[in-house]
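Numbered per this note's numbering, the sequence shown spans residues 1276 to 1423. Ideal Cβ placement from N, Cα and C applies to all residues, glycine included. Each remark here refers to the structure printed beneath this line.
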Amino acid sequence: MSFLSTLNISGSGMTAQRLRLDVAADNIANIETTRTEDGTPYRRKMVVLEAKEPTFAQILESAAAGQQINPAGSGVRAAAVVDDETELKPVYDPDHPDADENGYVQMPNIDLVKETSDAMAASHAYQANITAFNTTRQMAQSALEIGR
């Protein structure tokens, strides 16, 4: 595996984690949004990540068979940003403009603690990708200095 493909893998990870952070921030910003453009309460968004081909398992299998796969397309990518279909939270507030005939308002299905922990996990994963990126860069620089 060349060092450039390693940098690409780390870069794809950083991009994916940045999207996770953006989605968590969007969820937190809409924690009280009871009416979106389509008239329904905001629903929590989630990022679906998937491995780019070839997967790590495929690379291992080919290495065990004595073959080599070019991992230039490896890494991770955001497959989709989907709505969380869990139940909305009914809150009794008869004075709210979006309250139903019983006085309940359907609030977004967002838990601040979960969003905060998701953001922290994405931040840690982003930092791990930066560390891998910098380590690869330092190894390449060391290799160039050995060749002098």
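Next item on the list: May I ask you to list the residues that DSSP assigns as paired with D1358?
Entry: What you label residue 1358 is simply residue 83 of the sequence shown in a count that begins at 1. D1358 is bridged to K1320.
Note to self: Counting C-beta neighbours from all protein chains within 10 Å, is the total for Q1416 16 or more, i.e. buried, or is it exposed?
What the structure shows: Counted from its first residue, the sequence shown places residue 1416 at position 141. Classification for Q1416: exposed.
Check: From N1302 to L1279, what does the alpha carbon distance come to, in whole angstroms?
Finding: What you label residue 1302 is simply residue 27 of the sequence shown in a count that begins at 1. What you label residue 1279 is simply residue 4 of the sequence shown in a count that begins at 1. One C-alpha to the other measures close to 35 Å.
Item checked: Whether R1295 touches A1394 by CB criterion (9 Å) -> Indexing the sequence shown from 1 puts residue 1295 at position 20. Indexing the sequence shown from 1 puts residue 1394 at position 119. Taking 9 Å as the Cβ cut-off, R1295 and A1394 qualify as a contacting pair.
Notebook entry, point to check: Taking the alpha-carbon positions, what's the T1308 to D1373 distance?
Noted result: Against the sequence shown, residue 1308 aligns to sequence position 33. Against the sequence shown, residue 1373 aligns to sequence position 98. One C-alpha to the other measures close to 10 Å.
Check: Which residue from G1341, A1340, T1315 and K1327 puts its Cα closest to that of G1350?
Finding: Working through the sequence shown from its first residue, we reach residue 1350 at position 75. Selected option, being the one with the closest Cα: K1327.
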